[in-house]
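My numbering puts the first residue of the sequence shown at 13, with every later residue one more than the last.
Beta carbons: idealized from backbone N, C-alpha and C, even for Gly.
Keep in mind that this is a model prediction, so the values were computed, not measured.
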Amino acid sequence: MRPELEVVLVRPKEDGNVGAVARLARNFGADRLVLVAPRARIGSEAKRRAMAGLPFLTGARRVATLEQAVGSADLVVGTTDLVTGRSTAYLRRSIPPERLAEMIRTWVGRVALVFGPEDNGLKVAELERCDVLVHIASRREFPTLNLSHAAAIVLYAIHRGRGEGDPESTPAPEVVALDGRAKEIFLARLGALLARTGYPAHKRRGMLLMFRRVLGRASPGASEYRMMLGLWKSIERKLGRARGG
């Protein structure tokens, strides 16, 4: 079970943003889109950007007030750029999207995710109607995000917060199994190859250290080390044949 997610856009100005949010709703498993007094003309640009989220766009519920949009919600989440330390107008402490995801992970009910318009965000009275405020950390001198970008971050955090076992999610990144023994064999074979090819002795230590740093950053897995060791073996075999000839 998971909460029902309603994405509520209050007075959106740009139809492209509305279309993009409809697509995001489809991407991240929201249940419906609600438009509060939209100023945007929902036209061809919105439809173009909605892509597979077109059913969310065409089926969006339109209401005149925020209360009509969230009146039946069990939890109302508002998004804001007002945070402690940046403005004296903040109402209460906000939480990051990741914390919201943790909160609602095991909840069942209707959750309204409310996003304000592109120009001024949600009004103070609208923020007061919200049960929880979410703030996306960004650069202090320019803390406001594009509407669709903010929606993407919040919806992604909620989606990933459901855990890797979510059957409706694409697979998480593959787990890389490190192999320290293979790494040391690789470096030893490299050192032997440098000596065999006449690489200057006073430069070998630096070369091996450089490869160790590169491997540390790249973190190859066991299968990748096997491939690289196979390459060394092929080179050594070729060198052996050449020397024998």
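| Check | Outcome |
| --- | --- |
| F198: first and last residue of the uninterrupted alpha helix (DSSP H) it sits in | G192 to R208 |
| Nearest-angstrom Cβ-Cβ length linking L112 and I170, presumed shorter than 8 Å | 7 Å |
| Outcome for G28 when other beta-carbon atoms lying within 10 angstroms are tallied against a minimum of 16 | buried |
| G90, DSSP secondary structure in three states | strand |
| Extent of the continuous beta strand (DSSP E) run through F154 | Per DSSP, F154 belongs to no beta strand (DSSP E) and is neither H nor E. |
| Segment limits, beta strand (DSSP E) that includes R73 | R73 to V75 |
| Buried versus exposed call for K215 [16 or more other C-beta atoms within 10 Å across all chains shown] | exposed |
| Three-state class that DSSP yields for E16 in the structure shown | strand |
| Option nearest R122 by Cα separation, candidates S235, E16, M240 and K245 | E16 |
| Pick from G228, V226, A230 and F127 that is closest to T92, judged by C-alpha positions | F127 |
| Close-in-space but distant-in-sequence residues of the same chain around A164 (CB under 7 Å, 5 per side omitted) | L36 |
| Best match in A162, T77 and T209 for proximity to K135 [C-alpha to C-alpha] | T77 |
| R44 - containing beta strand (DSSP E), residue span | R44 to V48 |
| Cβ neighbours of G55 in the same chain (closer than 8 Å, five flanking residues each side left out) | D27 |
| P212, buried or exposed, once every other Cβ within 10 Å from all chains shown has been counted against 16 | exposed |
| Rounded straight-line distance, which links the Cα of E110 to that of I116 | 10 Å |
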